[in-house]
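Per the numbering used here, the sequence shown runs over residues 67 to 433.
By construction, the Cβ of each residue, glycine as well, lies at the ideal position given by its N, Cα and C atoms.
Report on the following structure.
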Amino acid sequence: MKNIKKRFMPDKLNSSGVMLAAAVNLLLPSFLCLIGKEIADFQIINNYIEETSIGYYQKIVFLCLGLSIVILGVIDYIFLIKPVFHLESTVEEYKTLTRMEDSAVYEKYLADSSIERMFLEMLEEQKFIQQQNQIAENQRQETELLALQTQINPHFLYNTLDSIRGLALIHDVEEIAAMTEALSRLFRNMIAKDGKLLTLREELENVENYMLIQEFRFQGRFAYICEVEKSLLDRYQIPNLILQPIVENAIMHGLENKNGRGHLVISGYVTEKRLVLNVTDDGVGIEEEALEYLKKRLKSKERSSPREAAKFHTGIALINISQRIKLRFGEIYGIAIESTPGVGTTTELILPCIEVEDRQVKGSIYE
67 MKNIKKRFMP DKLNSSGVML AAAVNLLLPS FLCLIGKEIA DFQIINNYIE
117 ETSIGYYQKI VFLCLGLSIV ILGVIDYIFL IKPVFHLEST VEEYKTLTRM
167 EDSAVYEKYL ADSSIERMFL EMLEEQKFIQ QQNQIAENQR QETELLALQT
217 QINPHFLYNT LDSIRGLALI HDVEEIAAMT EALSRLFRNM IAKDGKLLTL
267 REELENVENY MLIQEFRFQG RFAYICEVEK SLLDRYQIPN LILQPIVENA
317 IMHGLENKNG RGHLVISGYV TEKRLVLNVT DDGVGIEEEA LEYLKKRLKS
367 KERSSPREAA KFHTGIALIN ISQRIKLRFG EIYGIAIEST PGVGTTTELI
417 LPCIEVEDRQ VKGSIYE
């Protein structure tokens with residue numbers, strides 16, 4: 067054991083080992099201090115680099131943001147602001163025009179933005195509506211002027227007809243007396259109740275008076291039959307003199323040219339809150355081309371000229387009545403017509419159900 071101890075654990079160190087240990091002990095602290103200083107300097111440099119990089123990235127971000135704002139501003143100007151200025155100049159040019167189709171402005175801006183085309187179309191539609199309103203106003207004024215020019219004192223007319231009727235009774239001419247009485251009643255309703263609503267019974271009385279006059283004129287060539295249910299007569303109202311022009315049209319274009327005795331029937335019923343009145347004749351009917359024209363005009367909002375209607379030998383009374391109904395009650399109402407040449411014609415009058423409350427009509431020929 068002693069030999070082993072001596073071999074691996076010498077009692078004394080040689081001089082070189084002592085010097086090496088001393089050198090290590092002396093230099094180690096200085097080396098460690100140098101390493102620590104280098105590490106600290108590296109950390110400072112690293113922090114500086116990081117701060118510099120962050121500032122650089124921030125500048126890039128702000129630069130990109132600024133460029134984006136500029137680009138968006140340019141886009142807004144091109145697609146929003148510039149079209150508004152363009153539209154303003156277009157409107158200024160449009161004010162001097164009378165018709166868009168004949169103007170250079172319409173062709174100039176036709177291929178531009180959709181907002182300009184839509185605005186121009188809106189302006190054109192507005193101008194068209196204004197023109198139509200002006201035409202309607204002019205026609206209304208002309209109608210009022212014509213009415214004033216042709217106005218006759220109603221009392222003078224009634225007194226004259228009563229005088230004729232009195233003379234007819236004195237001379238026992240009952241037919242003339244009856245005809246003048248019917249004419250007097252018809253004129254009285256035309257003048258006193260123009261534009262008002264009448265009960266269905268009162269309007270049918272107008273038709274009865276008109277048919278009585280026509281019976282004297284045509285010497286009994288056709289018969290008039292009313293098949294309207296009595297329960298409807300005093301319950302519903304219709305515009306004054308809305309049926310008489312339809313009956314007159316049936317006589318003029320159907321029964322008057324018929325060989326032999328003809329028949330005219332008025333029927334009516336209520337369905338889906340609508341009052342439907344049919345005027346049917348067994349006259350000569352309407353040719354296909356004229357019928358198609360008439361159906362088209364009955365659905366149209368435009369007014370019909372006498373020259374256009376005369377082209378097909380079709381009166382404008384039905385067209386005017388249909389437009390009158392649509393204007394007053396709505397597009398779902400009006401007149402429909404069906405006809406077969408050589409068989410006859412049915413004119414359908416479609417009106418809203420306007421009920422009468424607590425109203426009774428006495429002294430009627432339908433009682």
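Using three-state DSSP, classify residue i as helix, strand or coil.
i, result
"Q303", "strand"
"I420", "strand"
"N323", "coil"
"I332", "strand"
"Y359", "helix"
"L264", "strand"
"Y290", "strand"
"I382", "coil"
"V409", "coil"
"G400", "strand"
"L309", "coil"
"S169", "Because S169 carries a pLDDT of 49, less than 50, the predicted location of this residue cannot be relied on, and the following value inherits that uncertainty. S169: coil per DSSP, three-state reduction."
"V127", "helix"
"V239", "coil"
"E190", "helix"
"V136", "helix"
"D348", "coil"
"E353", "coil"
Assign residue i to buried or exposed, taking buried as 16 or more other Cβ atoms, counted over all protein chains shown, within 10 Å of its Cβ.
i, result
"G232", "exposed"
"P407", "exposed"
"A316", "buried"
"E187", "exposed"
"L309", "buried"
"K362", "exposed"
"S229", "exposed"
"H319", "buried"
"V140", "exposed"
"K324", "buried"
Tell me which residues share the same chain as residue i and place their Cβ nearer than 7 Å to its Cβ, disregarding the 5 neighbours each side in the sequence.
i, result
"E241", "F282"
"F253", "L223"
"Q280", "I317"
"E251", "Residue 251 is actually Arg in this sequence, not Glu. The answer, listed in chain order, is N275."
With a CB to CB cut of under 6 Å and the five nearest residues on each side skipped, what residues in its chain are close to residue i?
i, result
"N291", "Note on residue identity: the sequence assigns Ile, not Asn, to residue 291. Closer than 6 Å at the Cβ level, and outside the excluded window around I291, lie V331."
"E247", "R231"
"I135", "none"
"L235", "A243"
Leaving out the 5 sequence neighbours to the left and right, which residues in its chain are closer than 8 Å to residue i when beta-carbon positions are compared?
i, result
"Q303", "L263, L264, T265, L266, I420, E421, V422"
"I312", "V345, A383, L384, I387, I401, T413, L415"
"A289", "R327, G328, H329, L330"
"K428", "Bear in mind that the predicted position of K428 carries a pLDDT of just 39, short of 50, making it unreliable; the figure below should be weighed with that in mind. Cβ within range, chain order: n/a, list empty."
Does the beta-carbon of residue i, which I'm using as the reference point, lie nearer than 6 Å to any heavy atom of the ligand SAH?
i, result
"K361", "In the structure shown, the ligand SAH is absent, as is every other ligand, since no ligand is present at all."
Open item on the list: For the segment 283–292 against the segment 354–361, do three or more pairs of beta-carbon atoms, one drawn from each stretch, fall closer than 8 Å, so that the two count as touching?
Closed with: no
- [ ] Pair every Cβ in the segment 327–344 with every Cβ in the segment 386–394, then say whether three or more of these pairs are closer than 8 Å.
- [x] no
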